[in-house]
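> Residue numbers (our numbering): 126 to 616. There's a structure below that I have some questions on.
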């Protein structure tokens, strides 16, 4: 059965207090009376030594010292001479001739024999030395018990020092009873204190236990609210820090798993798309190659057409493979951005020059805006690749109006380059998906135009790698693609 730490601590504190109190009662019961008697005996021996040191036979000359002994210890003193005459007695002014005769008949003065007429019994005798002894007596009528130290002084006188001990047993019993009451009350108070202390001490531990139990369930929202400056406070702080660290770690791990799943999904999608894209050209190449092998063509013109198809499809496959390699290289960090400053106007003139013949052949009306001397900071090769992809896309999708224009829009710290082509608008559903690999909004004519849906995905990857924006907008009579590059302001 599981026992809580609070109960264990309470029980341990209760046992410790009991172990302290109970032995006190036992020791008091068995040893207090003996200790009290031994203390009285030491006092009597000390008083005997003091009185024995008085040289003058007239003890009343040293009355102050003797009275001090009587008052301090409540001891009765009687001193006899060799003839059993009292030479000093406590409160001697009370004694008369009858009293003197009474003391002369004392059994202590008659070899400690019992005198039934006096009602005084000798209970015990203990020799101290050659000249002194302890004697315990009891009065038969009152049952009072006394302890005497009797002996012979150096001057030949006899002395009787008496202390009452009748109340010792009663005192011990009363004290034990008092100690039992105090012990019982102490146990009750100690139990309450132990409960409160155990509750106070274990409360942060229980809080920490609940916190760790929540952490075990991967719930990191709970906190250890322990406000102390001791080891428990430090432990609570460490657990809170551990919870935060685990929360961050698991979140990062989830992000990594999500990213890995996305990559795996992309790889599966890429494999599916590549298989689909390669299936048609491979089938064409295989078919026309078999036609050449088995000479099923009817004329030399047919054979040349077969060869042209094979070369065209091979070129498309080669372009596809190189594009896929570029995408793979960029996405997996095998490529980096090397930015330099250059004149954007001069770059645009050189980059678009290679398309002039295509524009002429396709009778495309191409125009580019003026920007003057504008210095930008970018990777010139990557910007050239982005511009080529956008222009190629515009050429492939321009309509019968055959209009392609490039314009510029200066922002605060960037230059936005717009590539517009006349043509039908893109469906809202397709706008965001155009940046995905192998996505084709115009699926029916994509093969005819030679596209694989990879050009815009390369633009997306390169712009995100450079932390710059890109986008697409539907216009009234066409579509506008744009991207931004960093601009260096003139001082």
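All residues carry an ideal CB built from backbone N, CA and C; glycine is no exception.
1) Is residue 503 helix, strand or coil when you go by DSSP?
2) Would you kindly work out how many angstroms separate the C-alpha atoms of residue 132 and residue 303, rounded to a whole number?
3) How far does the beta strand (DSSP E) with residue 604 in it reach, from first residue to last?
4) Can you tell which of 585, 539 and 175 has its C-alpha closest to the C-alpha of residue 558?
5) Can you tell me the Cα-Cα spacing of residue 492 and residue 529, whole angstroms?
6) Does the pairing of the segment 544-561 with the segment 599-613 give three or more beta-carbon distances under 8 Å?
7) Less than 8 Å between the CB atoms is what I'm expecting for residue 176 and residue 275, so what's the real figure, rounded?
8) From the DSSP output, in three-state form, read off residue 368 for me.
9) Under the criterion of a Cβ to heavy atom distance below 8 Å, does residue 346 qualify as lining the ligand NAD?
10) What does the alpha-carbon distance come out to for the pair residue 319 and residue 140?
11) Thinking residue 262 and residue 247 are a contact (beta carbons under 8 Å), I'd like their distance in whole angstroms, please.
12) When we look at the beta-carbon of residue 178 and count the other beta-carbons within 10 Å, is it buried (16 or more) or exposed?
13) I'd like the list of long-range same chain contacts for residue 502, defined as Cβ closer than 6 Å, with 5 residues on each side in sequence excluded.
14) Can you check whether the CB of residue 587 is closer than 9 Å to the CB of residue 510?
15) Within 10 angstroms of the Cβ of residue 374, are there 16 or more other Cβ atoms? Answer buried if so, exposed if not.
16) Let me check one thing: in DSSP terms, what residues is residue 205 bridge-paired to?
17) How many angstroms separate the CA atom of residue 187 from the CA atom of residue 197?
18) Determine, using beta carbons only, whether residue 162 and residue 253 come nearer to each other than 9 Å.
19) Residue ranges of each beta strand (DSSP E) run of no fewer than 3 residues wholly in the segment 467-515, ordered along the chain?
20) Rounded to the nearest angstrom, what separates residue 426 and residue 407 at their Cα positions?
21) Tell me which residues share the same chain as residue 312 and place their Cβ nearer than 8 Å to its Cβ, disregarding the 5 neighbours each side in the sequence.
22) Within the same chain, show all residues whose beta-carbon is closer than 7 Å to that of residue 416, passing over the 5 residues directly before and after it, in chain order.
23) Taking only the alpha-carbon atoms, compute the straight-line gap between residue 324 and residue 158 and give it to the nearest angstrom.
24) Kindly confirm or deny that the segment 520-535 and the segment 483-490 touch, where touching means at least three C-beta pairs closer than 8 Å.
25) Is it true that the CB of residue 288 sits closer than 9 Å to the CB of residue 189?
26) Strictly by DSSP, which residues pair up with residue 258?
27) Rounded to the nearest angstrom, how far is the Cβ of residue 500 from that of residue 468, given a contact under 8 Å?
28) Taking C-alpha atoms, which residue in 583, 280, 150 and 419 lies nearest to residue 309?
29) Find the nearest neighbour of residue 538 within the set 594, 494, 507 and 505, judged by alpha-carbon distance.
30) Between the Cα of residue 170 and the Cα atoms of 506, 194 and 384, which residue gives the shortest distance?
31) Given a cut-off of 9 Å, decide if residue 470 and residue 439 are closer than it, judged by their beta-carbon atoms.
32) If we count the other Cβ atoms within 10 Å of its Cβ and call it buried at 16 or more, is residue 329 buried or exposed?
33) Secondary structure at residue 545, three-state DSSP: helix, strand or coil?
34) For residue 494, which residues in the same chain have their Cβ closer than 7 Å to its Cβ, ignoring the five residues on either side in sequence?
35) Contact check, residue 286 vs residue 172 under 8 Å by CB: the rounded distance?
Quick answer:
1) The count along the chain shown starts at 1 and reaches residue 503 at position 378. Assignment of residue 503 by DSSP, reduced to helix, strand and coil, places it in the strand class.
2) Locating residue 132 in the chain shown gives position 7, where the first residue counts as 1. Locating residue 303 in the chain shown gives position 178, where the first residue counts as 1. Computed Cα separation, rounded: 30 Å.
3) The residue labelled residue 604 in the question sits at position 479 within the chain shown. Segment 603-612, the beta strand (DSSP E) holding residue 604.
4) Here the question's residue 558 lines up with position 433 in the chain shown. Looking at 585, 539 and 175, the one whose alpha-carbon comes closest to that of residue 558 is 585.
5) To locate residue 492, count along the chain shown from 1; it is residue 367. To locate residue 529, count along the chain shown from 1; it is residue 404. Using only the alpha carbons, I get a separation of about 7 Å.
6) Contact holds: three or more Cβ-Cβ distances are below 8 Å.
7) In the chain shown, the residue the question calls residue 176 occupies position 51. In the chain shown, the residue the question calls residue 275 occupies position 150. Here residue 176 is actually not in contact with residue 275; their C-beta atoms are around 12 Å apart, not less than 8 Å.
8) If you number the chain shown from 1, residue 368 lands on position 243. Helix, per DSSP.
9) As presented, the structure is devoid of all ligands, the ligand NAD included, so that no description of it is given.
10) Translated into positions along the chain shown, residue 319 becomes position 194. Translated into positions along the chain shown, residue 140 becomes position 15. Looking at the two C-alpha atoms, the distance is approximately 10 Å.
11) Walking along the chain shown from the start, residue 262 turns up at place 137. Walking along the chain shown from the start, residue 247 turns up at place 122. With a Cβ gap of about 6 Å, residue 262 and residue 247 count as contacting.
12) Locating residue 178 in the chain shown gives position 53, counting from the first residue. Residue 178 is exposed by the Cβ-count criterion.
13) For the purposes of this step, residue 502 is taken as the residue at position 377 of the chain shown. Correct list, in chain order: 464, 466, 611 and 613.
14) Counting from 1 along the chain shown, the entry for residue 510 is found at position 385. Counting from 1 along the chain shown, the entry for residue 587 is found at position 462. Yes, Cβ-Cβ distance for residue 510 and residue 587 is below 9 Å.
15) Within the chain shown, residue 374 is the residue found at index 249, counting from 1. By the neighbour-count rule (16 or more Cβ atoms within 10 Å), residue 374 is not buried but exposed.
16) Locating residue 205 in the chain shown gives position 80, counting from the first residue. Bridge partners of residue 205: 211 and 283.
17) Start at 1 with the first residue of the chain shown, and residue 187 comes out as number 62. Start at 1 with the first residue of the chain shown, and residue 197 comes out as number 72. Those two C-alpha atoms are separated by around 16 Å.
18) Counting from 1 along the chain shown, the entry for residue 162 is found at position 37. Counting from 1 along the chain shown, the entry for residue 253 is found at position 128. Cβ atoms of residue 162 and residue 253: not closer than 9 Å.
19) Complete beta strand (DSSP E) runs here, min 3: 490-493 and 500-503.
20) Counting from one through the chain shown, the residue named residue 426 turns up at place 301. Counting from one through the chain shown, the residue named residue 407 turns up at place 282. Approximately 22 Å, taken between the alpha carbons.
21) To locate residue 312, count along the chain shown from 1; it is residue 187. The residues are 139, 142, 143 and 146.
22) What you label residue 416 is simply residue 291 of the chain shown in a count that begins at 1. Cβ neighbours of residue 416 within its own chain (closer than 7 Å, five residues either side excluded): 422 and 431.
23) Within the chain shown, residue 324 is the residue found at index 199, counting from 1. Within the chain shown, residue 158 is the residue found at index 33, counting from 1. Looking at the two C-alpha atoms, the distance is approximately 42 Å.
24) yes
25) Residue numbering aside, residue 189 sits at position 64 when the chain shown is read from its first letter. Residue numbering aside, residue 288 sits at position 163 when the chain shown is read from its first letter. For residue 189 and residue 288, no; Cβs fall outside 9 Å.
26) Stepping through the chain shown from its first residue, residue 258 is reached at position 133. According to DSSP, residue 258 bridges with 252 and 275.
27) Walking along the chain shown from the start, residue 500 turns up at place 375. Walking along the chain shown from the start, residue 468 turns up at place 343. Approximately 6 Å separates the beta-carbon atoms of residue 500 and residue 468; this is inside 8 Å, confirming the contact.
28) Taking the chain shown and counting its residues from 1, one reaches residue 309 at position 184. If we check each option's Cα against that of residue 309, 150 comes out closest.
29) For the purposes of this step, residue 538 is taken as the residue at position 413 of the chain shown. Minimum Cα distance to residue 538 is reached at 594.
30) To locate residue 170, count along the chain shown from 1; it is residue 45. Each of 506, 194 and 384 was checked against the Cα of residue 170, and the nearest Cα belongs to 194.
31) Locating residue 439 in the chain shown gives position 314, where the first residue counts as 1. Locating residue 470 in the chain shown gives position 345, where the first residue counts as 1. Not a contact, by the Cβ cut-off of 9 Å.
32) Within the chain shown, residue 329 is the residue found at index 204, counting from 1. Burial call: buried.
33) Against the chain shown, residue 545 aligns to sequence position 420. Note: residue 545 maps to strand in three-state DSSP.
34) Position 369 of the chain shown, counted from the first residue, corresponds to residue 494. Cβ neighbours of residue 494 beyond the five flanking positions: 531, 532 and 533.
35) Position 161 of the chain shown, counted from the start, is the residue given in the question as residue 286. Position 47 of the chain shown, counted from the start, is the residue given in the question as residue 172. Contact holds; Cβ gap of about 6 Å.
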